[in-house]
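So the sequence shown is numbered by my numbering: it starts at 15 and just counts up by one.
Idealized CB from N, CA, C, for every residue including glycine.
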Amino acid sequence: MKTKKLLTFAALVSIISGCGSASRENFHQEFSNQIEKIIYYASLAGNSHNTQPWYVYVESDSVLFIKADFSRKLQIVDPDARGLFISLGAFIENLELAAGSLGYKAEVKITAKHKNDSNVATIYLSESQKNGYNLSQIENRRTLRTPFHNTEISKDHLNNLIDNSSSEIFYFSSSSEEGKYIAEQTLAAYTQQAQDDQAKQELANWMRFSNSDVEKHRDGLTTSGMGITGFGGFFVRNFYKPEDSMKDSFIKTGIEKTKEQIENCGGWLVIIQNEDSPESWIKTGRLYQRLNLVCRDLMIGFHPMNQMIEEENFEEKANERLSQSGVIQFIARVGYVDEYPPANSVRRSVKEIIR
Ligand SMILES: Cc1cc2nc3c(=O)[nH]c(=O)nc-3n(C[C@H](O)[C@H](O)[C@H](O)COP(=O)(O)O)c2cc1C
Numbered sequence: 015m016k017t018k019k020l021l022t023f024a025a026l027v028s029i030i031s032g033c034g035s036a037s038r039e040n041f042h043q044e045f046s047n048q049i050e051k052i053i054y055y056a057s058l059a060g061n062s063h064n065t066q067p068w069y070v071y072v073e074s075d076s077v078l079f080i081k082a083d084f085s086r087k088l089q090i091v092d093p094d095a096r097g098l099f100i101s102l103g104a105f106i107e108n109l110e111l112a113a114g115s116l117g118y119k120a121e122v123k124i125t126a127k128h129k130n131d132s133n134v135a136t137i138y139l140s141e142s143q144k145n146g147y148n149l150s151q152i153e154n155r156r157t158l159r160t161p162f163h164n165t166e167i168s169k170d171h172l173n174n175l176i177d178n179s180s181s182e183i184f185y186f187s188s189s190s191e192e193g194k195y196i197a198e199q200t201l202a203a204y205t206q207q208a209q210d211d212q213a214k215q216e217l218a219n220w221m222r223f224s225n226s227d228v229e230k231h232r233d234g235l236t237t238s239g240m241g242i243t244g245f246g247g248f249f250v251r252n253f254y255k256p257e258d259s260m261k262d263s264f265i266k267t268g269i270e271k272t273k274e275q276i277e278n279c280g281g282w283l284v285i286i287q288n289e290d291s292p293e294s295w296i297k298t299g300r301l302y303q304r305l306n307l308v309c310r311d312l313m314i315g316f317h318p319m320n321q322m323i324e325e326e327n328f329e330e331k332a333n334e335r336l337s338q339s340g341v342i343q344f345i346a347r348v349g350y351v352d353e354y355p356p357a358n359s360v361r362r363s364v365k366e367i368i369r
């Protein structure tokens, strides 16, 4: 009897470990030319809900048009498309870095004039010396949602992250009054958003629990991307449907997890711009991407948490409290970590991004 039970348990463990979450490593991509490779690296950029709201028209070997895909916009939590343009800014930052590494100079001309403009940027590529940039930095960048150490970020590391002359990036340690305010308001805004029916439905639309959904869409929030691992991950992948993320029990767990996250970090990075415009959002996205890339190298976990500026009633107060003249565009929780798991959030194939 005991042996039978043991065998059943062993079989279960082997099923679970053999049924890992489909993640980036499962989708190998082949490239026909260097432009496809550059676009692949661009697509590894962080982006809201992993909607990947971009496509590219390749006009010629030297001219690319970067376009916004508004069918992928988050209508409820991002009605002004700020998060969408930030995502495109991150894409452009990766693109320029990857081009430099692969022997191209990329001149970026931002063309987006208003929040419904799908013509985001034109990229002029010219052949140049490879600049030695290490592409593994782009491959290894990821959003990390685990608890971080509460240790403050060191002065040296802050100097690496924030240019002395920057008037756009601010760091607030978790023990500062501002840091405490961000933590408390982020939790309250998250709780409000998590209970909003429309926001719940929108989030459910981007949940990719089962491996077959991950393989089909190659976007959205997956169990591995969200760090739901082990037996929990197995259970969610195999028995949960996207609509289950709207259930009270799931929401309660999300709020508890968020509380743990805001209580466990060294501080907060906040990007502030003078105005609200697609151009300043794209700039924010480029800065965000840079910060995330450098944090990874310094073993600093990086976790965007923008609920405080997504929820209107919180946003106004946050701007009054934290920003003298500008508008808060982006907030991330940061802190030292001992372990940085591999980047695993999936991306659509380059062939699908190029039109
Ligand atoms: C504008 C913006 C807002 C985001 N907000 C959140 C957030 O509130 N919570 C979160 O866990 N991740 C957030 N993210 C991170 C994305 O979910 C993440 O970049 C995406 O799922 C891809 O995963 P990766 O960064 O690991 O490649 C945000 C990203 C962007 C660009």
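Any non-hydrogen atom of ligand 1 closer than 7 Å to residue i Cβ
| i | result |
| --- | --- |
| Ile100 | yes |
| Pro318 | yes |
| His171 | no |
| Asn64 | yes |
| Thr157 | yes |
| Asn61 | yes |
| Gln321 | yes |
| Gly241 | no |
| Ala208 | no |
| Gly97 | yes |
| Leu307 | no |
| Ser359 | yes |
| Leu235 | yes |
| Ala104 | yes |
Pair within 8 Å by beta-carbon distance, residue i and residue j
| i | j | result |
| --- | --- | --- |
| Gly280 | Asn164 | yes |
| Ala104 | Leu139 | no |
| Leu307 | Gln151 | yes |
| Ser324 | Gln209 | The amino acid occupying residue 324 in the given sequence is Glu; Ser does not appear at that position. The answer is no: Cβ separation not under 8 Å. |
| Leu88 | Thr65 | yes |
| Val360 | Val228 | yes |
| His171 | Ile314 | yes |
| Ile276 | Tyr302 | no |
| Phe316 | Val348 | yes |
| Leu98 | Ala82 | yes |
| Ser238 | Asn358 | yes |
| Val122 | Ile368 | no |
| Glu329 | Met322 | yes |
| Leu158 | Thr272 | no |
| Ile80 | Ile106 | yes |
| Ile296 | Ala56 | no |
Neighbourhood of residue i by C-beta, 6 Å cutoff - its chain only, sequence neighbours within 5 removed
| i | result |
| --- | --- |
| Ser294 | Gln287 |
| Ile90 | Gln212, Ala213 and Glu216 |
| Asn372 | Summary: the structure shown does not reach residue 372, with the chain confined to residues 15 through 369, and so no result is reported for it. |
| Ile30 | Note that Ile30 scores 43 on pLDDT, short of 50, meaning its location in the model is unreliable; the coordinates nonetheless yield the value given after this. Within the same chain, Ile30 has close Cβ partners Phe248. |
| Ser187 | Glu166, Gly193 and Gly281 |
| Gly234 | Asn64, Trp220 and Arg222 |
Per DSSP, the bridge partner or partners of residue i
| i | result |
| --- | --- |
| Gly349 | Gly315 |
| Asn78 | In the sequence on display, residue 78 carries Leu and not Asn. Paired residue(s): Val72 and Ile137. |
| Ser187 | Gly281 |
| Phe344 | Ile285 |
| Leu235 | Met221 |
| Ile368 | Val70 |
Own chain, CB closer than 8 Å to residue i, minus 5 neighbours either side, in chain order
| i | result |
| --- | --- |
| Tyr118 | Gln48, Ile52, Leu139, Ser140, Glu141 and Ser142 |
| Ser363 | Phe41, Gln43 and Arg232 |
| Val77 | Thr136, Ile137, Tyr138 and Leu139 |
| Phe23 | Its pLDDT being 47, under 50, Phe23 is placed unreliably in this model, and the coordinates cannot settle the point. |
| Ala36 | Asn225, Val228, Glu229, Thr236, Ser238 and Val360 |
| Asn130 | Phe84 and Ala95 |
| Ile269 | Leu201, Tyr204, Thr205 and Ala208 |
Sequence-distant residues of the same chain with beta carbon closer than 7 Å to residue i, five excluded per side
| i | result |
| --- | --- |
| Asp258 | Phe264 |
At what residue ranges does the region 93-173 contain a whole run of the beta strand (DSSP E), taking only runs of 3 or more? As far as the region 93-173 is concerned, its whole beta strand (DSSP E) runs of at least 3 residues are 118-124 and 133-141.
Suppose only complete runs of 3+ residues qualify. What are the beta strand (DSSP E) ranges in the region 252-283, listed by chain order? none
Output the residue ranges of the beta strand (DSSP E) runs that lie fully inside the region 286-337 and measure 3 residues or longer, sorted by chain position. 314-318
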